[in-house]
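Okay, structure first, notes after.
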Amino acid sequence: MNEGKDQWSSKLGFILSSAGAAIGLGAIWKFPYVTGMSGGGAFFLIFVAFTLLIGLPMLIAEFVIGRGAGKEAISAYKKLAPDSLWVWIGRLGVLGCFLLLSFYSVVGGWVLIYSALSIPGKVISEGANYPELFGAITGSPWITITGLLIFTLANVLVISSGVQNGIEKANKYMMPLLFIFFIILVVRSLTLEGAMEGVKFFLAPDFSNITGESILYALGQSFFSLAVGFSCMVTYSSYLKKDVSLTSSASTVVGLNIFVSLLAGLAIFPVVFAFGFEPAEGPGLLFMVLPSVFSQLPLGGLFLCMFLLLFLFATLTSSFSLYEIIVAALTANGKRSRKSATWLTGLVIFIAAIPAALSSSSLSRITLFDRNIFDATDFLVSNIMLPTGSFLIAIFIIHQMDRVLVKEEFNLSSNVSPVLFSVWTILMKWVVPITIGVVFLNTLGIIG
């Protein structure tokens, strides 16, 4: 374990923090709208399959690399494969986290703005046009930039304070509360007239709408929602003690993630159909649907305020993991303090995120590959860089990392069957890289 670095105080703290890193915008914001745009139930089924067969093995792999090396992402690959090009996996992860934060922070700003507006009850109102409200917020340069700035400052203040005393303590209280309020939201959504049409859309597979791009989106979503592919979990697991089972921890995180994705779908799609929204509304789906749900509840304004504040926390816990991989890399050589590295990271990310923040206003006419700046960055990170990073990690852990160390970390503090290790090895050696390769070739039109 690296000197001067925090450790998670317990297995629960590590699991909740890892779940917090995964259960944020990926599961709550992005999953519903990507599912809506990609065919509903069939997409959800493919997403679950990818998460179990590829996402879970990948999460275990990042845990093994991180705790096995006891180093943050870049230094981990340097230690495990010295004087080689494998270090570029870590560097790709740092770059990917930077690009991801350049649009993730924008959405975090939206959540923050909605949370602030909900406190005095200015979101829910009789006859309100929620799509119009969302358009007014995202279409205002000053509002989006202000939200981005405050969200960035919140990350900087927490990350500069360390790991255990900030992220871990908050997760132990806020993540369970998020689940409670999500369940309340689902129960209310399912009791709306016409809700069952939404449930059918979400849970009844219709593969006629599935395309190669939909499958790529499902693969990217499984990586995005688990925070794998950029070695974030390599950094997180480097703070982990040796008495914690990596396999059981990873399984718990994946299970929580799928459960939250299920809750998100059951909370959103019944309302989409009950209120006549289009399931393919896009990134604004959650911000236009949530107020409609809570407006039907007694004390709906209060419930909306509480949920948005909890949603903001989930958003922050995810962004913490992205900041952490960058800051940990900048402080690895001991020449730069955590505080100075965090402020530098926050400043650069804030500047880099401004174009995405203005994608719906001043820079709306600028497009890259027929997408605005926000959507183009999202596509690059989620559907190109994350699968690429996962492909390289799969090759690294099977063909480069010491097999004795891999098996030791895999089995440490757990009574797993030798068969399970063999199954995991087969998945990482064949299923993960081949699936990623086939999906890419299909998307490019070379096969299928």
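Using this note's numbering, the letters of the sequence shown map in sequence onto residues 963 to 1410.
The C-beta atom is built at its ideal place from N, Cα and C for all residues, glycine as well.
Just so you know, the alpha carbons of Leu1403 and Ile1027 end up roughly 28 Å apart. The three-state secondary structure of Arg1333, taken from DSSP, is strand. Approximately 20 Å separates the beta-carbon atoms of Leu1247 and Ile1220; this is outside 8 Å, ruling out the contact. A Cβ-Cβ contact shorter than 8 Å links Ala981 with Leu1218. By a beta-carbon distance limit of 8 Å, Thr1013 contacts Leu1188. Their separation comes to about 7 Å. Closest in alpha carbon position to Pro1395, among Ile1355, Ile1177, Gly1089, Leu1330, is Ile1355. Ranked by Cα distance from Gly1071, the first of Ser1281, Asn1334, Phe1331 is Ser1281. At least 8 Å separates the beta-carbon of Gly1001 from that of Ser1184.
Scanning its chain for C-beta atoms nearer than 7 Å, with the 5 sequence neighbours on each side dropped, one finds around Gln1362 the residues Ala1043, Trp1048, in chain order. Measuring C-alpha to C-alpha distances from Thr1197 to each of Tyr1285, Thr1339, Val1368, Lys973 identifies Tyr1285 as the nearest. In the DSSP annotation of this structure, the continuous segment of the alpha helix (DSSP H) that includes Tyr1066 starts and ends at 1049 to 1080. Per DSSP, the unbroken alpha helix (DSSP H) holding Phe1231 starts and ends at 1208 to 1236.
Nearest to Lys1204 by alpha-carbon distance, out of Thr997, Ile1328, Val1310, Gly1030, is Gly1030. Nearest neighbour of Ser1352 by Cα position, chosen from Phe1144, Leu1015, Lys1041, turns out to be Leu1015. DSSP, read as helix, strand or coil, puts Ser1187 in helix.
If the five residues before and after Met1390 are omitted, its C-beta is found closer than 7 Å to the C-beta atoms of Pro1019, Ala1023, Ala1356, Ile1359, Ile1360, all from its own chain and listed in chain order. The beta carbon of Trp1386 is closer than 6 Å to those of Pro1019 in its chain, skipping five residues each way along the sequence. About 5 Å separates the CB atoms of Thr1214 and Ile977; that is less than 8 Å, so the two are in contact. Where Gly1109 is concerned, the enclosing alpha helix (DSSP H) starts and stops at 1103 to 1121. Taking a C-beta distance under 8 Å as the contact criterion, Leu1278 and Asn1117 qualify as a contact pair. Ile1081 sits exposed, since fewer than 16 C-beta atoms from the chains shown fall within 10 Å of its C-beta. In summary, Ile1086 is buried, with 16 or more beta-carbon neighbours lying within 10 Å of its beta-carbon over all protein chains present.
Straight across, the Cα-Cα distance linking Phe1235 with Ala989 is about 20 Å. In this structure Glu1243 is not in contact with Tyr1066, their Cβ atoms being roughly 19 Å apart against a cut-off of 8 Å. Counting only residues of its own chain and dropping the five nearest sequence neighbours on each side, Gly975 has a CB closer than 6 Å to the CB of Glu1130.
Taken in chain order, the whole alpha helix (DSSP H) runs of length 4 or more contained in the region 997 to 1021 are 1003 to 1012. For Ser1322, there is no enclosing alpha helix (DSSP H), since its DSSP letter is neither H nor E. A check of alpha carbon separations from Leu1021 across Phe1005, Gly1174, Leu1062, Gly1191 identifies Gly1191 as the nearest. Ranked by Cα distance from Phe1269, the first of Leu1063, Cys1059, Tyr1076, Lys973 is Tyr1076. Below 8 Å, enough C-beta pairs join the region 1250 to 1257 and the region 1089 to 1101 to call them touching: three or more. Three or more beta-carbon pairs separated by less than 8 Å are not found between the region 1289 to 1299 and the region 1149 to 1169, which leaves the two stretches without contact. In this structure, the straight-line span from the alpha carbon of Val1233 to that of Phe1239 is close to 8 Å. When the Cα atoms are used, Ser1102 and Val1378 turn out to be separated by approximately 54 Å. Excluding five sequence positions before and after Leu1115, none of the CB atoms of its chain fall closer than 6 Å to its own CB. For the pair Leu1110 and Val1068, the CB atoms are nearer than the 8 Å cut-off. A Cβ-Cβ contact shorter than 8 Å links Phe1025 with Ala1212.
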